[in-house]
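One structure below.
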Amino acid sequence: MNRQIEKLKKQLTEIAEVVNSFQSEAVQVRVVDRLLDEIMETEKVETEGSEIFNKRSRRTRTGNEDDNRPSEPGRKKPGATKVLNQLLASDFFTQPHSISAIADYCKDNFDSDFKTSELSGILLKLAKENKLKRERSNENNRFEYVAI
729 MNRQIEKLKK
739 QLTEIAEVVN
749 SFQSEAVQVR
759 VVDRLLDEIM
769 ETEKVETEGS
779 EIFNKRSRRT
789 RTGNEDDNRP
799 SEPGRKKPGA
809 TKVLNQLLAS
819 DFFTQPHSIS
829 AIADYCKDNF
839 DSDFKTSELS
849 GILLKLAKEN
859 KLKRERSNEN
869 NRFEYVAI
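In terms of my numbering, the sequence shown has 823 at position 95, counting the first letter as 1, and numbering is strictly consecutive.
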């Protein structure tokens, strides 16, 4: 176990400069968290059956933990990109829809409460990829998205 800690320290020292180059502390934390998850997953595969990972996987949930967290990693809700791609594959975009209308539809039909800011970047990307057409509405001067 001591070798694993030394190896982790060495790896963290190697990535410190890159992580510190980000201005936002929140971004730094997310980057380190993702890297540690990857390192742990790699170590888990390499040392299958290691005592550290067996202890971690045996943890049970208590009643005072956040109930909004999914109970199993494979059971979380689909993200905005996946939901928008599903809508793109359906006939949803045959009629023009505003971002707020799309967000409302996702909330009602996919139980996914996306903010319009979460959807706007993905919709713009789909428009740039010529999968959707982005046009201003004459009624309210807001952008609407429709299939090409």
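Glycine included, every Cβ here is placed at the ideal spot set by N, Cα and C. From a predicted model like this one, the values you see are computed outputs, not experimental measurements.
{"Asked": "Report the three-state DSSP secondary structure of residue 828 (helix, strand or coil).", "Found": "helix"}
{"Asked": "Under the rule that 16 or more other beta-carbon atoms within 10 Å means buried, what is residue 746, buried or exposed?", "Found": "exposed"}
{"Asked": "Identify whether residue 843 lies in helix, strand or coil by the three-state DSSP scheme.", "Found": "coil"}
{"Asked": "Please list, in chain order, all residues of the same chain as residue 816 whose beta carbon is under 8 Å from its beta carbon, the five residues on each side excluded.", "Found": "854, 859, 860 and 875"}
{"Asked": "For residue 862, which three-state DSSP category applies?", "Found": "strand"}
{"Asked": "Comparing alpha-carbon positions, which option in 770, 752, 757 and 762 lies nearest residue 735?", "Found": "770"}
{"Asked": "Under three-state DSSP, which class holds residue 857?", "Found": "coil"}
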